[in-house]
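Below: the structure, in structure tokens.
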Amino acid sequence: MLLKDKIAIITGGAGGIGLSASRIFAENGATVVIFDVVDAAGEAIEKELTEKGLKAKFLHTDISDEENVIASMKTVEELYGKVDVLYNNASVFLGGGRDNVMDQLDSKFWDKILHINLYGLYHCTKHAIPLMKKAGGGSIINTSSSAGQIGIPECDAYTATKGATTSLTRSLAVEYGPYNIRTNCIAPAAIATEMVKESNLNDPKFDEQKFLTQGTPLRRWGKPEEIANVALFLASDLATYLNGTVIVADGGITVA
517 MLLKDKIAII TGGAGGIGLS ASRIFAENGA TVVIFDVVDA AGEAIEKELT
567 EKGLKAKFLH TDISDEENVI ASMKTVEELY GKVDVLYNNA SVFLGGGRDN
617 VMDQLDSKFW DKILHINLYG LYHCTKHAIP LMKKAGGGSI INTSSSAGQI
667 GIPECDAYTA TKGATTSLTR SLAVEYGPYN IRTNCIAPAA IATEMVKESN
717 LNDPKFDEQK FLTQGTPLRR WGKPEEIANV ALFLASDLAT YLNGTVIVAD
767 GGITVA
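Under the numbering used here, read the sequence shown as residues 517 to 772, first letter to last.
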């Protein structure tokens, strides 16, 4: 029960890593507030958790829309009065060879990725911090990527958002540390989610067998729950002296 009595917002909490985090956080005693745009999936995970006697609330939230985020945060304040944990998990990768700044990347594509991956983080963090101050502190967990650590071709907009996420994590850690608000970052790679299909498996140039035998030292794809468990640690009081860290959770890909 590492998160007993904590109010935890998880963006993109109805799918992929976020879905695993919603389950794991709730099982560890948190009241999980799921921000997502997929209503059917959001309602399904809320029902699944509450039927188990766990605490969960789904709020339809488009994080790229600041007014929508403000409305959802207001609901959180009315229901719970505070926020202890904000897991900025939601991200998109729009594949299909369209993310090359020199060739096919147009401004609409660039704007869409930045508004979800970076502006969404900004909107949620901006409006969660006052509720964390009311709680006497809290934990912000941002989601970067191997693309924020090393150079990766044909994902220029995505890489830009993930590099910015890493830098913003450090700035927030310095600025809000005095309020007992810790900001840390997870940089996953090769996790078996729908995004992997979009970024790797659907790419005809990607050689999965070569990747699994040479590209990753652990010789396998990561599991969503493995990243969710890192987030659980950062959200919990086991990590109270971690602030401004970037945990690279990629099976050793970026060092290999």
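Glycine included, C-beta positions come from ideal geometry on N, C-alpha and C.
- Closest in alpha carbon position to C640, among D581, S660, A689 and D672, is D581.
- Within the stretch 673–742, the complete beta strand (DSSP E) segments of 3 residues or longer fall at 697–704, listed in chain order.
- Shown here, D552 sits in a strand according to DSSP, grouped into three states.
- Judged by their CB atoms, G664 and N759 are not nearer to each other than the 8 Å cut-off.
- Look at V599 here: in three-state DSSP terms it is coil, with no helix or strand label.
- Note on Y695: under 16 other CB atoms within 10 angstroms of its CB, so exposed under the neighbour-count rule.
- Beta-bridge analysis with DSSP links L575 to F551.
- The distance from the Cβ of A689 to that of T699 is about 4 Å, consistent with a contact at the 8 Å cut-off.
- DSSP, read as helix, strand or coil, puts V608 in coil.
- In the displayed model, I769 falls within coil according to three-state DSSP, outside both helix and strand.
- The beta carbons of I550 and G529 sit closer together than 8 Å.
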